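Read in the numbering used here, the sequence shown has 431 at position 35, and its numbers run on one by one without any break.
From the three backbone atoms N, C-alpha and C, an ideal C-beta is built for every residue, glycine too.
Bear in mind that the values here come from a model prediction, so they are computed numbers and not experimental data.
Below: the structure, in structure tokens.
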Amino acid sequence: MAEMKATRDAYGETLVELGRENPDIVVLDADLSSSTRTSLFAKEFPERFFNVGIAEANMMGIAAGLAHSGKIVFASTFAVFATGRAYDQIRQSIVYPGFNVKIAASHAGITVGEDGATHQALEDIALMRALPGMTVLVPCDARQTRLAVRAAAAYQGPVYIRLGRAKVPQVYPDDAGFEIGKGLVLWPEPEVPGGYKTVLAENRRFDVAFVGCGITVGLALEAARTLEQDGISCLVADMASVKPIDEELLAKIARSSGAIIACEEHSVIGGLGSAVCEVTARSHPVRVVRLGVNDQFGESGPAGALLEKYGFTSERYCQVARGLVGR
397 MAEMKATRDA YGETLVELGR ENPDIVVLDA DLSSSTRTSL FAKEFPERFF NVGIAEANMM
457 GIAAGLAHSG KIVFASTFAV FATGRAYDQI RQSIVYPGFN VKIAASHAGI TVGEDGATHQ
517 ALEDIALMRA LPGMTVLVPC DARQTRLAVR AAAAYQGPVY IRLGRAKVPQ VYPDDAGFEI
577 GKGLVLWPEP EVPGGYKTVL AENRRFDVAF VGCGITVGLA LEAARTLEQD GISCLVADMA
637 SVKPIDEELL AKIARSSGAI IACEEHSVIG GLGSAVCEVT ARSHPVRVVR LGVNDQFGES
697 GPAGALLEKY GFTSERYCQV ARGLVGR
């Protein structure tokens, strides 16, 4: 069985590593440091950690000021609070001036579980993706989270990193790469370990292509393995960089596939699926099915039960793919 680890855990551990390497790294939290795992940074670097209390809007303003002073700022809270309560401050004080603030928001999506609809951010990607100049990253596992956090720290400008509460299977090996603005093809499997491609051979054709981010990447891989046994050829691409998205790779996927299934633990409105539709409409129109949460809120329940109810299973992905091929 694959190793299980939450992306928020990898975030906290990577912050500590970055703090040791760069004295300009500072971290802010809104009274949720034990949940967001910024408590690890606070323990080792108390002079560079600031708990602002339950005051998310103020936290973003402080983050902007610290960034203006030359610091690399990571600001963390739950995704629903980071993007909802503090949207105006993010827009006006961070993104508009282009300050170097990294908003690392945990507890996104329905896998928040029992905390229910009030805490399950299903529209955060849409909110952040619409802001001019905002980079949006949605890593799929702990290893990719480490790379994404490091890439965000090295990047000059505002970044939104979407993290989860639940433990998820490891998809990537330790030597996998990550680059802002680039997607990776995970299936067909690479010929050498870690040899994930950012390009496709022009002569390859696939019945269906899965394009995912976050927890859906692992589900899509599981579905692809099953479908291949049934004679349905599949491609699986990880678009952890939702914005900027890899338009070149998406265009190649559209040209080589009979249909695209865009999957995300987010509303089907405004997230990865919408980005895929926008790109393919311009480059190579192809049938796109968006799998996520339909125009509705989540609900309280165990994360596993909610994933089953809302269709986040490899069985559901297989069902949709077979239906598309049947057409």
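Margin query: Buried or exposed, going by whether 16 or more other CB atoms sit within 10 Å of the CB of Q516?
Written below: buried
Notebook entry, point to check: Taking the alpha helix (DSSP H) that S472 falls in, what are its first and last residues?
Noted result: Taken as a continuous stretch (DSSP letters only), S472 belongs to no alpha helix (DSSP H), being part of the beta strand (DSSP E) at 468 to 474.
Item checked: Residue range of the unbroken beta strand (DSSP E) whose run includes A633 -> 630 to 634
Margin query: Output needed for S710: all residues of its chain with C-beta closer than 6 Å, excluding positions within five of it in sequence on either side, in chain order.
Written below: L615, E618, A619
Check: So, is I450 buried or exposed, given that buried needs 16 or more other C-beta atoms within 10 angstroms?
Finding: exposed
Margin query: Would D634 and L582 be called neighbours here (beta carbons separated by less than 8 Å)?
Written below: yes
Notebook entry, point to check: Rounded to a whole number of angstroms, what is the C-alpha to C-alpha distance between R539 and R404?
Noted result: 11 Å
Note to self: Suppose you measure from the CA of P535 to the CA of I506; what does that come to, to the nearest Å?
What the structure shows: 16 Å
Next item on the list: Would you mind giving the Cβ-Cβ distance between G697 and G509, rounded to the nearest angstrom? I have them listed as a contact below 8 Å.
Entry: 7 Å
Notebook entry, point to check: Quick one, which of S465, R651, M456 has its alpha-carbon nearest S472's?
Noted result: M456
Notebook entry, point to check: What's the gap between the Cα of G694 and the Cα of D511?
Noted result: 10 Å
Notebook entry, point to check: Does DSSP put P565 in a helix, in a strand, or in coil?
Noted result: strand
Checklist line | Helix, strand or coil at L518 [DSSP, three-state] | finding: coil
Note to self: For R481, list the residues DSSP reports as bridge partners.
What the structure shows: DSSP, once it has assigned bridges, lists no residue as partnering R481.
Next item on the list: Can you have a look at P569 and say buried or exposed, based on whether 16 or more other CB atoms are within 10 angstroms of its CB?
Entry: exposed
Notebook entry, point to check: How is S465 classed by DSSP in three states: helix, strand or coil?
Noted result: coil
Margin query: Quick check on A572: does DSSP put it in helix, strand or coil?
Written below: coil
Check: With a cut-off of 8 Å, do at least 3 Cβ pairs link the stretch 675 to 689 to the stretch 641 to 648?
Finding: yes
Notebook entry, point to check: Mapping DSSP to helix, strand and coil, what is M456?
Noted result: helix
Next item on the list: Please go through the same chain and pick out, in chain order, the residues whose beta-carbon is closer than 7 Å to the beta-carbon of I641, but skip the five residues on each side of it.
Entry: M635, A671, V675
Notebook entry, point to check: So, do the stretch 518 to 538 and the stretch 454 to 470 have three or more beta carbon pairs nearer to each other than 8 Å?
Noted result: no
Check: Per DSSP, what kind of secondary structure is I490 in: helix, strand or coil?
Finding: helix
Margin query: Need the endpoints of the beta strand (DSSP E) that E661 sits in, please.
Written below: 656 to 663
Check: Between the beta-carbon of G415 and the beta-carbon of E440, is there less than 8 Å?
Finding: yes
Item checked: C-alpha distance - S652 paired with R601, whole-angstrom precision -> 5 Å
Check: Which whole-angstrom value is the C-beta distance of A658 and R686, which I expect to be below 8 Å?
Finding: 5 Å
Next item on the list: Counting only the same chain and skipping the five closest in sequence on each side, list residues whose C-beta sits under 7 Å from that of A504.
Entry: A475, A517, D520, R558, L559, G560
Notebook entry, point to check: Can you name, in chain order, every residue of its own chain whose Cβ lies under 7 Å from the Cβ of L623, other than the five neighbours on each side?
Noted result: C630, C714, A717
Check: In terms of DSSP beta bridges, what is T531 paired with?
Finding: V555
Check: Taking the beta strand (DSSP E) that V423 falls in, what are its first and last residues?
Finding: 421 to 425
Margin query: Which residue marks the beginning of the alpha helix (DSSP H) containing S679, and which one marks its end?
Written below: 668 to 679
Checklist line | Which of helix, strand or coil DSSP assigns to V716 | finding: helix
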